[in-house]
Every structure is written in structure tokens, then in C-alpha cells.
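Chains as they are written, first to last, in UniProt numbering: chain A, 1 to 598; chain B, 1 to 598.
Positions of the beta carbon are idealized from the N, C-alpha and C atoms, including for glycine.
If you're wondering where the values come from, they're calculated on a predicted model, not measured in any experiment.
Working notes, structure below.
There are 2 protein chains.
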Amino acid sequence: MVTRLSHFFLRTLREDPADAEVTSHRLLVRAGYIRRAAPGIFTWLPLGLKVKAKIEAIIRDEMANAGAYEVHFPALLPREPYEQSGRWTSYGDGIFRLHDRKGADYLLAPTHEEMFTLLVKDLYSSYKDLPLSIYQIQDKYRDEARPRAGLLRGREFTMKDAYSFDYTDEGQDASYQAQRDAYERIFQRLGLEYVIVAADNGLMGGARSEEFLHPIAVGEDTFVRSAGGYAANVEAYTTTIPDAIPFDGLGEPVIFDSPNTPTIQTLVDHSNAHLDAPAPGVAGPDTADATEWTAAHTLKNVVLALRHLDGTRELVIIGVPGDREVDDKRVEVAFAPAAVEPATEQDFENNPLLVKGYIGPWSETGAVLGEESATGIRFLLDPRVVDGTAWVTGANIDQKHVHTLVAGRDFTGDGFVEVANVRAGDPAPDGSGPVELARGMEIGHVFQLGRFFAETLGLKVLDENGKLVTVTMGSYGIGVTRILAILAELNNDDKGLVWPESVAPFDVQVVATGRDAVAFDLAESVSAQLEASGLDVLYDDRAKVSPGVKFADAELIGVPRILIVGRGAADGQVELWDRRSGDREVLPVAGAVARLTA
Amino acid sequence: MVTRLSHFFLRTLREDPADAEVTSHRLLVRAGYIRRAAPGIFTWLPLGLKVKAKIEAIIRDEMANAGAYEVHFPALLPREPYEQSGRWTSYGDGIFRLHDRKGADYLLAPTHEEMFTLLVKDLYSSYKDLPLSIYQIQDKYRDEARPRAGLLRGREFTMKDAYSFDYTDEGQDASYQAQRDAYERIFQRLGLEYVIVAADNGLMGGARSEEFLHPIAVGEDTFVRSAGGYAANVEAYTTTIPDAIPFDGLGEPVIFDSPNTPTIQTLVDHSNAHLDAPAPGVAGPDTADATEWTAAHTLKNVVLALRHLDGTRELVIIGVPGDREVDDKRVEVAFAPAAVEPATEQDFENNPLLVKGYIGPWSETGAVLGEESATGIRFLLDPRVVDGTAWVTGANIDQKHVHTLVAGRDFTGDGFVEVANVRAGDPAPDGSGPVELARGMEIGHVFQLGRFFAETLGLKVLDENGKLVTVTMGSYGIGVTRILAILAELNNDDKGLVWPESVAPFDVQVVATGRDAVAFDLAESVSAQLEASGLDVLYDDRAKVSPGVKFADAELIGVPRILIVGRGAADGQVELWDRRSGDREVLPVAGAVARLTA
Chain A
1 MVTRLSHFFL RTLREDPADA EVTSHRLLVR AGYIRRAAPG IFTWLPLGLK
51 VKAKIEAIIR DEMANAGAYE VHFPALLPRE PYEQSGRWTS YGDGIFRLHD
101 RKGADYLLAP THEEMFTLLV KDLYSSYKDL PLSIYQIQDK YRDEARPRAG
151 LLRGREFTMK DAYSFDYTDE GQDASYQAQR DAYERIFQRL GLEYVIVAAD
201 NGLMGGARSE EFLHPIAVGE DTFVRSAGGY AANVEAYTTT IPDAIPFDGL
251 GEPVIFDSPN TPTIQTLVDH SNAHLDAPAP GVAGPDTADA TEWTAAHTLK
301 NVVLALRHLD GTRELVIIGV PGDREVDDKR VEVAFAPAAV EPATEQDFEN
351 NPLLVKGYIG PWSETGAVLG EESATGIRFL LDPRVVDGTA WVTGANIDQK
401 HVHTLVAGRD FTGDGFVEVA NVRAGDPAPD GSGPVELARG MEIGHVFQLG
451 RFFAETLGLK VLDENGKLVT VTMGSYGIGV TRILAILAEL NNDDKGLVWP
501 ESVAPFDVQV VATGRDAVAF DLAESVSAQL EASGLDVLYD DRAKVSPGVK
551 FADAELIGVP RILIVGRGAA DGQVELWDRR SGDREVLPVA GAVARLTA
Chain B
1 MVTRLSHFFL RTLREDPADA EVTSHRLLVR AGYIRRAAPG IFTWLPLGLK
51 VKAKIEAIIR DEMANAGAYE VHFPALLPRE PYEQSGRWTS YGDGIFRLHD
101 RKGADYLLAP THEEMFTLLV KDLYSSYKDL PLSIYQIQDK YRDEARPRAG
151 LLRGREFTMK DAYSFDYTDE GQDASYQAQR DAYERIFQRL GLEYVIVAAD
201 NGLMGGARSE EFLHPIAVGE DTFVRSAGGY AANVEAYTTT IPDAIPFDGL
251 GEPVIFDSPN TPTIQTLVDH SNAHLDAPAP GVAGPDTADA TEWTAAHTLK
301 NVVLALRHLD GTRELVIIGV PGDREVDDKR VEVAFAPAAV EPATEQDFEN
351 NPLLVKGYIG PWSETGAVLG EESATGIRFL LDPRVVDGTA WVTGANIDQK
401 HVHTLVAGRD FTGDGFVEVA NVRAGDPAPD GSGPVELARG MEIGHVFQLG
451 RFFAETLGLK VLDENGKLVT VTMGSYGIGV TRILAILAEL NNDDKGLVWP
501 ESVAPFDVQV VATGRDAVAF DLAESVSAQL EASGLDVLYD DRAKVSPGVK
551 FADAELIGVP RILIVGRGAA DGQVELWDRR SGDREVLPVA GAVARLTA
């Protein structure tokens with residue numbers, strides 16, 4: 001049935017919405033695709049719903065090709081399964097919790113690993129039932145602290161989440177690959193550029209974890225890639241560990257006065273003013289050729305507090321080269337599921353041995369940082385702090401630092417930790433050259449969960465030998481509403497949206513112009529003809545609306561092919577308008593119909 | 001793509017689920033369509049999801065035919081709109097409420113009238129934009145006190161809810177009729193018998209309200225219908241008011257001793273034992289020919305408490321003929337939005353003039369019931385208590401009653417109220433004869449909301465004269481998951497489900513039997529051929545599963561047409577099995593394919 005704009009539920013807006021931070025949000029609201037209902041929560045208008053349905057249809061198609069079956073879980077779920085997995089607590093403020101009238105605890109599910117696991121446990125019991133891949137397309141809820149950027153980070157959003165179930169690691173690899181391949185096809189069909197990056201594999205102990213990132217400036221994720229083909233999320237980047245340096249020939253640690261140098265920069269300036277230039281080999285590989293003191297010669301000791309799941313709070317000190325920062329995302333991943341907080345004044349008061357601005361691992365009377373030290377505080381080192389590297393760092397005395405403090409000789413840590421920021425030029429861990437940094441938006445994630453949920457929730461099957469084995473799982477997510485927003489973010493110009501044909505809300509927009517009944521009659525019959533040949537047609541049949549307004553609306557809405565029926569109608573001439581290229585061509589009706597239905 | 005049972009996510013169960021109260025629940029769980037996730041909350045398995053999608057497709061199709069456009073509102077909504085309409089409070093315990101991390105109030109929407117109203121207000125402003133009909137198919141939430149009967153009364157369920165917007169009553173009537181017609185077509189396509197009954201039009205002040213009930217024994221709703229075509233929900237039934245009776249010739253009220261007669265039956269027995277038989281005309285029309293005292297001669301005064309929205313509690317007394325009960329549903333509707341509670345011992349202690357078991361409207365010293373009486377308690381009468389009817393009722397003295405107490409002469413009420421139960425044989429209000437009672441399940445509701453929400457939320461448009469007029473709305477709901485359950489409830493036998501073709505999860509189930517590769521090869525090629533011709537095929541390709549198990553599964557699943565490929569395969573013979581009739585017919589492959597694709 002031809003959709004007539006005179007009746008269709010649509011109101012385009014000339015003004016940008018006041019709260020729109022990004023192009024997709026601005027255009028989707030202005031062109032009548034979505035409306036805001038609450039922070040991070042949107043109402044879908046007919047145009048938006050049609051695009052969303054087309055994206056979902058592509059996903060369903062490729063899930064079927066990958067042998068996955070569709071199910072649908074409730075959004076409102078009881079606490080128990082999430083209690084068993086520990087996530088009722090670990091989600092913290094990030095989920096919506098509620099009670100029913102009897103006081104029982106419920107949540108609005110942010111993801112459904114527990115439910116998928118329990119469903120399969122409920123129904124399956126033998127290796128013969130596996131492999132199995134099942135998925136849902138479902139509305140999910142996360143109580144984001146800062147919902148923003150329209151659909152890009154909402155509190156109610158639509159996801160496709162798939163899970164695979166295998167009883168061998170080889171089976172799991174095959175299931176993973178099938179979903180990974182399906183994701184590639186989905187993004188190709190959506191015309192959406194993607195980079196597959198290695199991602200952190202989190203707490204679940206799974207083996208592989210990759211994110212599909214769309215490289216885009218408004219992206220929330222930073223990733224690194226090398227010309228040689230390496231790509232990873234910054235959280236997953238691993239430092240190339242330099243070779244250890246022999247201790248031979250290194251001088252002893254020297255404490256020196258360093259008044260008013262609580263920051264790395266003041267310390268470097270002071271050192272260059274008051275110390276001899278650094279001897280070659282006196283510091284780590286990044287500073288080997290330095291002729292003066294630099295931030296890279298210094299060891300920065302950052303005090304953080306970890307809030308563990310059981311509620312306990314632990315101080316931890318991170319030693320990183322002074323030219324690096326502790327990266328928020330890397331530190332979050334490194335210590336998960338504990339939450340990381342800055343240390344407070346109270347923490348320093350409780351630990352008088354920590355002299356703010358002058359903290360270091362060593363003192364003349366013994367170790368100051370580390371579980372076996374005077375403070376007893378866990379001390380973790382950046383992997384670059386290899387044995388034999390010499391550092392300028394705090395002497396644990398107000399206004400004093402120490403230099404030629406050698407790792408592995410004068411101090412050691414309780415272990416290493418990957419939390420320093422990654423910089424352009426850092427080596428790719430696979431030896432494929434230096435990395436560059438880019439911004440991306442996560443559009444998909446394929447992830448070997450391994451046996452965490454199956455173990456926790458007791459999902460086992462009998463294998464060929466009648467032995468109970470724990471099932472291994474994969475998790476595969478695509479953000480449907482996020483993809484829609486990214487497509488809008490990418491496909492637009494200063495006039496409005498320009499949808500790719502695969503997801504456009506209509507195949508053709510027919511615009512009747514003028515006051516001549518001939519034009520409207522022709523537009524009407526052409527619309528019917530196009531619909532009859534299987535195209536989905538939006539017909540702008542509005543009387544008393546100027547061609548200018550109609551064209552502006554068509555450009556804003558972004559149907560890729562527009563057919564104008566106006567002045568030439570009496571002569572059987574119409575105009576075909578390619579929204580993306582802007583090309584307009586006058587041709588006979590039959591020719592236009594043939595082109596559109598080709 | 002042919003769906004192969006060897007890989008499909010399905011496990012049929014031989015045992016009924018322990019909590020299944022009704023056939024639909026039992027079979028949908030056993031045949032692998034749904035699983036329980038929490039009380040009244042279900043997970044949809046692939047088979048169930050396919051049937052649900054088919055029902056939704058029929059609804060979408062008929063909504064499009066009725067000129068309605070699809071939108072989609074969030075399930076998670078802020079409090080404000082519901083606060084404005086008063087429903088945040090009036091829903092009581094019936095909805096799920098929650099806070100976000102900032103402490104803001106949210107709810108899981110049970111219906112979306114407010115949001116639809118605000119959306120149209122947000123976008124439309126002129127009579128030229130109307131009429132408009134929009135709808136959604138969406139998961140809704142109600143915190144039912146007693147979720148039961150599987151999908152028939154759940155806490156998370158899918159509904160299609162449509163709303164129409166007009167600026168004239170005539171327009172509203174046309175929009176209403178379009179939806180009503182669409183509902184008839186939907187139920188016809190689903191093969192679902194329905195009765196359209198007049199329904200209570202509630203608090204909104206709308207003009208028309210009709211329910212589509214499916215007549216079914218497990219139905220929660222009682223409705224009445226006459227042979228002459230009247231049909232109504234019991235809540236909407238209106239009593240035919242008898243003519244008033246002249247007071248002339250009626251005796252004076254007589255107080256009489258009636259020890260130990262706190263109930264109607266004891267009072268009737270006592271009266272027959274100790275009083276003269278009732279004189280003709282001494283009571284109302286229902287008792288005109290009685291030769292002895294009956295319950296219909298007595299006036300029962302029932303004390304109830306109303307809990308108003310503002311939290312106040314009010315006692316009210318209802319006077320009904322003693323042979324009728326106060327009907328729970330009718331009383332609920334009559335006093336909505338106030339909640340109705342039984343009176344407590346405390347209420348009687350607070351009102352010592354009310355002598356329990358001997359309450360009446362009259363005493364020798366003046367009126368006892370009514371706003372202007374000694375108690376001041378509001379007193380409402382059944383419409384049958386017309387002027388001139390004479391009653392036996394309490395004398396407000398322990399162990400004493402009064403007879404020949406005449407309505408309109410000796411007592412009056414503060415008004416009339418429709419709360420007495422309806423009985424088979426009661427007259428239809430349209431004069432179409434006596435009614436009979438039947439049970440039904442609500443499957444749809446079309447409802448003229450009128451201007452309540454538009455007024456409350458400020459939805460006005462400019463009319464042809466540039467004058468702001470309030471929009472009038474209609475509300476049209478269909479329970480999608482409920483319909484699925486009713487279809488399962490109706491379409492089954494002792495072997496399992498038998499789906500109508502319009503909603504069956506697959507068009508054909510192909511079953512390969514035996515161990516002969518020829519049979520499996522033929523089944524494979526026939527399945528592919530049927531799929532290629534547009535049918536959705538479930539192919540039972542399981543090796544090492546006996547024909548008996550395969551047939552039992554096919555019968556349980558309920559695909560209406562089954563094709564068995566087994567022993568005759570080598571000769572090109574297959575067996576076509578009609579699940580509903582049970583007919584099985586052996587015929588050549590080509591003939592079977594021709595029949596299935598016809």
C-alpha cells in the first residue's frame with residue numbers, strides 16, 4: 001500500500017532539538033524518526049521504526065545463515081540468576097532494580113547471559129544437542145550515568161545478542177568463527193565500515209574477544225592499529241617488554257634536594273638545573289639517547305583505591321614512567337571487577353609514610369612500597385620498568401628525590417600491570433610496526449565467554465563417554481539502535497539524511513508538485529505501479545504545499561531515490577532525483593519506472 | 001532455508017509443567033513454545049516466537065488497511081505524564097515502579113495513553129493534521145496480584161494498542177468504526193470466534209466502549225446476551241427499571257420480633273413461620289405473585305468502604321433486593337477510581353447506630369441511612385427499589401425487622417447504583433428478551449476515550465475557524481500473547497496442538513523415517529522443493545530417532561500438514577497427514593508437493 005504523506009504520521013522540524021549533541025540525533029529528530037521520551041529513552045516514530053526493522057531483518061537473515069535460532073527473553077527478570085553469577089552486585093548503579101508487589105527483587109536486564117545459560121541447562125543435557133547458537137533482538141536497559149549523543153548511548157536500547165554453546169574448545173572456535181563471519185556480512189550489507197580489534201577478554205576467562213569498531217570521530221572508544229595489520233582496543237593493547245639491562249656499572253642511588261617539585265615537570269626542570277646530565281644507560285630504553293633529563297627518566301607512583309565486590313577498599317600504587325599517564329579505561333579493565341577510585345586525603349593521613357609528591361619505592365632504611373614493605377601497600381609496575389632500568393623518583397622525604405634508583409636491584413614491585421596510556425608510535429605487540437591511535441564506536445562484539453557462566457550456573461552435558469562436562473559459551477552482540485544512529489551519522493549532508501538503500505525507510509519517494517490535477521493523477525498511478533512491482537513508496541500527495549517545502553522535506557527524510565512528478569506530467573515526463581549524488585534527470589514515465597524497478 | 005529438527009532449538013517434554021492450570025499453558029510449554037522465567041513472565045522459544053510473529057503480521061496488515069501507522073514507545077517511562085493524568089496514583093499496586101540512579105521516579109508502562117497524547121501534542125497543532133490513527137505492538141507490564149493461566153494473565157505481555165485522534169465527534173465515530181472493522185477482520189483471519197459486547201465506558205467520559213470477547217469456559221469475564229442480539233459485559237449491563245407503584249392502599253411499616261435472623265435465609269424462614277403471607281402488591285415486581293415470603297421481598301443493606309484516590313475512606317451502604325448479591329466486578333466499576341473494601345469491625349464500632357444483621361434505612365425516630373440521616377452514611381439503592389415497592393428489612397434494633405416499609409414513602413436513597421448481580425432470565429435493557437450468561441476472555445477492546453486525556457494533558461488543535469479545540473481520542477487494544485494462548489486453548493487434541501494455517505509456526509513438517517538413506521535423501525529434496533516454492537518447512541531429519549517419537553513430536557508441535565517420507569520412498573511414495581482431521585494418504589511425491597503448494 002502506498003504511504004501518503006498527507007496522512008502519514010510525520011512532522012519534520014526546521015529547528016534542531018536543543019539537546020542534540022551529535023548529527024545523528026539532530027537529524028533523526030528533525031526528520032521525524034525519533035522523539036525523546038526521557039533522558040536516553042526514545043519513542044520510535046513510523047520512519048524510524050521502518051529503518052530499525054530493516055536493520056533487524058538483515059541481522060535475522062545473517063543469523064539464520066549462521067545457523068542461529070531466535071528466542072526472546074523477558075526484559076523484567078528476577079534477581080536470583082544474577083545473584084548466582086554475582087552480577088546483581090557487580091553491576092552497581094548501572095542497572096535498574098525494582099520490587100514487585102510482594103517485595104521480590106527484579107531488574108531490567110542489561111544483558112541476558114544468565115538467562116541463556118539457564119534456558120539451555122533447562123532443556124539440554126547431552127553433547128548430541130550441541131553445538132547450539134541462539135539469539136534475540138530485544139530492548140535492554142542500562143542506567144547510564146550520562147546518557148548522551150541520542151541513540152548512541154541510551155538507557156533503553158535494542159540489541160541483538162547471540163550465544164553459542166559447545167562442549168569442546170574446537171567447537172567453540174567454530175561457533176565463534178560462524179558468528180564473526182556473520183558480523184562481517186551484516187556490516188557489509190549495511191555499508192558500514194568496520195575494524196575488528198582485539199579486545200580485552202575480561203573476567204570470564206574466555207580465549208578470544210574482538211570488537212567491531214566503526215572508525216568515527218564521535219566514537220567513544222580509542223583503538224590502535226599498525227600498518228602491518230595489528231588492531232586492538234586500548235584496553236587490550238599489550239606493552240612490548242624491553243630487555244633487561246645488566247646492573248654492572250650502574251652507580252648507587254643518590255638522594256638529592258628537590259624543593260617544590262611535586263609534579264613531574266617541576267622535577268624534570270629542577271633536575272636539569274641542578275644535576276649532571278644523565279649518563280648513557282642510566283635509565284630505561286625510552287631514554288637511552290637523552291642528553292638531558294626528561295619525564296621518561298622519572299618513575300611516577302600513582303596511589304589509587306580499589307573498591308572490591310565484597311565492599312572492602314584497598315590502596316594500590318602504580319609505578320609508571322613519568323612521561324605516561326594512567327589510562328582510565330585500561331586501569332578499569334585491569335582491576336575489574338573492583339572499581340577504581342582516586343585516593344583521598346584520608347588515605348594519606350592513614351599512611352603517613354606516603355609523602356605526597358615525593359613517593360617512591362625505596363628509602364635508605366628499606367622498601368616503602370609493596371606488600372612486604374614498610375607501608376604494606378601493593379605496588380604494581382608498568383612492564384617497561386624492567387630490571388636494570390634506573391629512575392629518578394621520590395625519596396619518601398618531603399622535598400627530596402633520589403636518582404639512579406635501579407629496578408630489580410634497589411626495588412621491585414609486586415607484579416606488573418597494563419595501565420599506562422598507549423601512544424602513537426608505540427610498537428604493536430605482534431611486531432607489525434608502530435601503532436597509530438584512532439577513535440571508533442563499538443558496533444559489535446564477539447567474545448568467547450568460556451566456561452564462566454556454565455560453571456557458575458551448572459550448565460553441564462554428558463559427553464561421548466557419558467562423562468559430565470561443563471559447556472563453553474560464546475557471546476555475540478550488536479547494538480541495533482546504535483547502528484541506526486551510526487548510519488545516520490555517516491549518511492547525511494547539509495540538507496538532511498541520505499540513507500543507504502539497504503535500510504532506507506522507503507525505496508522511492510514520489511513528489512507531486514504544482515496544482516495541476518494531471519501531475520497528481522500521474523504521481524498516483526506511478527506510485528501504485530511502483531508498489532505493485534514490490535517497491536515501498538512514500539508519496540508526497542500534499543495539496544497546497546509548495547514544491548520548495550516538499551523538496552526540503554524529501555531531502556531531510558533521506559529516501560535515496562526521489563521521483564518528481566510536476567510540470568512535465570502532461571507530456572508524460574518526470575524527473576528522477578538521486579538524493580546522494582544530487583543528479584536530476586528528466587525522462588519519460590516508463591523509463592523512470594523501468595530504472596527504479598531494475 | 002529449511003529448518004532441520006536435528007539442529008533446531010527445541011526440546012519437547014513428555015511431562016506437563018507442574019504449574020500449568022490451563023491447556024494452552026500446558027501444551028505451549030510441553031511442545032517447546034514458551035518457558036516460564038518468573039511468575040507471569042515467559043521466555044519465547046523459536047516455535048512460540050514464530051507463531052507470535054504471524055499473529056503480529058496479521059495485526060499489522062489490518063492496521064495498515066485501517067490507515068493506522070506504527071510507532072513504538074519505550075516501556076520504561078518517567079512518572080510525570082502519569083502524574084498529570086492521575087494514573088501514577090490510581091494504578092495502585094498494579095504497576096511496577098522504580099527509580100533511576102538519580103532517584104527520579106519511573107514506571108514500566110501498563111498502557112500508553114499519556115504518551116500517545118503527548119506525542120501528538122508535541123508534533124501536531126491543526127485540524128488539517130487529523131484524523132490520525134497510530135499504534136504500537138509492544139511489551140507491557142502489570143504487577144498482577146495473581147498472575148495465572150500461563151499467557152492468559154501474565155505480568156509481561158505483548159499488546160497492540162492503537163489510538164485515534166479527531167477534532168469532531170463525527171470524526172471520532174468514523175475512526176472508531178475503522179478500528180472496529182479492522183478487529184473483526186483480524187479475528188476472522190485468526191479463525192477466532194468473537195462476541196462484541198457493550199462494555200463499561202469507565203471514567204473517561206467517552207461515548208462508546210465495546211469488548212471483543214472470545215466465548216470460552218476458562219474466560220475471566222462474564223457477559224450476558226439475549227436471543228434478540230443484545231450483548232454486554234456484566235459491568236455494562238443496565239437494569240430495566242420497573243414502573244413505580246402507587247402508595248395507595250399500602251399499610252404502614254410494622255416492626256416485628258425476628259430473633260436470630262442475621263441472614264436473609266433465616267429472616268425469610270422466620271417471616272414465613274411468624275407473619276401472615278405477603279399481601280399481593282406488598283412488594284416489588286419480582287415478588288408480585290409470591291404466596292409466601294421470599295428473599296426477593298427483603299431489602300439487604302450491604303456496608304462497604306471506599307478508598308478514594310486522595311487516601312480518604314468513606315463508608316457507603318448499598319440496598320439491594322435480598323435475592324441478589326453485590327457483584328464484585330460491577331461494584332468495582334461503579335465506584336472506580338475509588339477502591340472498594342469490605343467494612344471492618346472498627347467501622348461498626350465507629351457507627352453504633354448500625355446494628356449488624358439488622359440494618360435498615362428507617363426507624364420510628366427517622367432515617368438511619370443516607371447523607372441526611374442519623375448516621376450520615378451515603379445510601380445507594382438498586383434501580384429495582386422504585387417508589388411504591390414494599391420491603392422487609394432491618395429495623396436497626398437488635399433482633400427486630402420491619403415489614404411493609406415502602407420506598408419513596410418511608411425511605412429514600414441518595415441515588416441508585418448498578419451493582420447487583422445479573423442473572424439468567426433478567427431482561428435485556430434493549431427489550432430484546434431475557435439474557436443468558438456466558439464466560440468469555442477479552443481479546444480486544446475498542447473504546448472512545450473522548451477528551452479526558454486530551455483535556456488533562458492539553459492536546460488541542462486549531463479548527464477551521466482558528467479556534468483551539470480539544471482533541472477527542474479513541475483507544476483500541478488487542479492482547480497479542482493472550483490471543484496466542486487462546487488459539488492454543490482452542491486448537492488442540494489429546495496428542496497436542498493443531499494450529500490454524502494462518503498462524504502455524506511452519507507450513508509443513510516433513511518427517512523422514514527409517515534408516516534408509518533413500519528416505520532421507522528424498523525428504524531432503526522434497527523439503528528444499530517446498531521451501532523454494534515459498535513454504536516454511538520444518539524437516540525432522542533426526543537420525544536414530546524412532547518413527548513413534550517423531551510422530552508424537554509432530555502431533556505435539558501441531559504443524560497442520562505433515563509429510564512422511566519413509567518406507568515407500570524408494571518407489572517415490574510419500575504420505576500426507578492432515579494433523580487436524582487425522583487423515584493420512586499415500587501418494588506420489590509430485591502429487592504431494594502439488595497438493596501442499598496448491
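- At a beta-carbon threshold of 9 Å, the residues of chain B lying near A:L77 are A37, A38 and I41, ordered along the chain.
- When DSSP states are grouped into helix, strand and coil, B:I359 belongs to the coil group.
- Assigned with DSSP and collapsed to three states, B:S133 falls in strand.
- Of all residues in the region 132-149 of chain A, only L132, I134, D139, Y141, D143 and A145 come within less than 8 Å of chain B when Cβ atoms are compared, listed by chain position.
- In the DSSP assignment, A:K300 falls within the unbroken beta strand (DSSP E) covering L299 to R307.
- For the pair of segments examined, the region 539-550 of chain B was found not to touch the region 471-485 of chain B: the number of CB pairs separated by less than 8 Å stays below three.
- Boundaries of the alpha helix (DSSP H) harbouring A:L556: P547 to I557, taken from the DSSP string.
- Counting only residues of its own chain and dropping the five nearest sequence neighbours on each side, A:F411 has a CB closer than 6 Å to the CB of P361 and W362.
- Separation of B:Q84 and A:V22 (C-alpha to C-alpha, rounded to the nearest whole angstrom) is 32 Å.
- For B:W88, the enclosing alpha helix (DSSP H) starts and ends at R87 to S90.
- For the options A:V461, A:R11 and A:P39, the alpha carbon positioned closest to that of A:L27 is the one of A:R11.
- According to DSSP, A:W293 shares a beta bridge with no other residue.
- For the pair A:D93 and A:D143, the CB atoms are nearer than the 8 Å cut-off.
- A:E170 and A:A454 have their C-alpha atoms roughly 17 Å apart.
- A:A598 and A:Q188 have their alpha carbons spaced roughly 22 Å apart.
- C-alpha of A:R35 to C-alpha of B:V120: approximately 11 Å in a straight line.
- Sorting B:L108, B:V333, B:R180 and B:P17 by C-alpha distance to the C-alpha of B:I59 places B:R180 at the top.
- Distance from B:L213 to B:D166 at the Cβ level is roughly 26 Å; contact not present, criterion being Cβ atoms closer than 8 Å.
- Beyond the five residues adjoining it in sequence on each side, A:I557 comes within less than 6 Å, by CB distance, of A31 in the same chain, given in chain order.
- With respect to B:P215, B:G440 sits close: the two C-beta atoms are nearer than 8 Å.
- Contact residues of the region 335-369 of chain A toward chain B are absent (C-beta to C-beta distance below 7 Å).
- Nearest neighbour of B:A334 by Cα position, chosen from B:D248, B:V254 and B:D382, turns out to be B:D382.
- Beta-bridge pairing by DSSP links B:T470 to B:K460.
- Bridge partners of A:K160 according to DSSP: A:I137 and A:I478.
- In the DSSP assignment, A:H274 falls within the alpha helix (DSSP H) that extends over I264 to H274.
- Annotated as distal: A:V503 and A:L152, with beta-carbon spacing of 8 Å or more.
- In the three-state reduction of the DSSP assignment, A:A18 falls in the coil class.
- Annotation for B:F416: L381 and P383 place their beta carbon closer than 6 Å to its own, counting only its chain and skipping 5 residues before and after.
- At a beta-carbon threshold of 7 Å, the residues of chain A lying near B:L45 are V71, ordered along the chain.
- Taking a 10 Å sphere around the C-beta of B:H274, we find fewer than 16 other C-beta atoms and assign the residue as exposed.
- Secondary-structure assignment with DSSP links B:P215 through a beta bridge to B:G440.
- Secondary structure in the region 476-524 of chain A: the alpha helix (DSSP H) runs of 4 residues or longer, each lying completely within the stretch, are 480-490 in chain order.
- Here the C-alpha atom of A:Q509 lies approximately 6 Å from the C-alpha atom of A:Y539.
- For B:H25, the closest Cβ of chain A is not nearer than 8 Å.
- Across the region 310-327 of chain B, no CB contact with chain A closer than 9 Å is found for any residue.
- For B:H25, the enclosing alpha helix (DSSP H) starts and ends at T23 to R30.
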